[in-house]
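Residue numbers (full-length UniProt numbering): 1 to 80. First comes the structure, then the notes that go with it.
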Amino acid sequence: MEIGPGATVRHRGSLRRRQLTIEQPDVATFTHRYRLPWRLVFLSLWDPTFDRFDAEADDPGLWLTARLGGTDDWSRAGSG
């Protein structure tokens with residue numbers, strides 16, 4: 001898949017489910033849904049220092065979204 005200008009990349013997550021969406025003009029929307037292992041989800045709930053860096057280490061979709069210039073639940077469009 002080639003990502004062209006005008007593409008929108010979004011990563012959304014709930015407790016265990018994750019979704020990576022790529023929207024481009026004149027191209028069908030690409031959506032990839034996946035789940036994280038329960039162990040990672042459980043540990044993140046009990047870790048008081050859990051932050052974006054920990055989340056990126058656990059969830060490769062966050063790393064990919066950041067490299068493609070997209071938005072996620074940790075950082076929204078227009079927020080520095």
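Every residue, glycine too, gets a C-beta built ideally from N, C-alpha and C.
- Listed in chain order, the alpha helix (DSSP H) runs fully inside the region 31 to 69 are 38 to 46, 52 to 58, 60 to 67, counting runs of at least 4 residues.
- By the CB criterion at 8 angstroms, His11 and Leu62 fall inside the cutoff.
- If the five residues before and after Glu56 are omitted, its C-beta is found closer than 7 angstroms to the C-beta atoms of Leu62, Trp63, all from its own chain and listed in chain order.
- Assigned with DSSP and collapsed to three states, Gly13 falls in strand.
- The beta carbon of Leu36 is closer than 7 angstroms to those of Arg16, Arg18, Asp58, Asp59 in its chain, skipping five residues each way along the sequence.
- Of the other Cβ atoms in all chains shown, 16 or more fall within 10 Å of the Cβ of Leu20; this residue is therefore buried.
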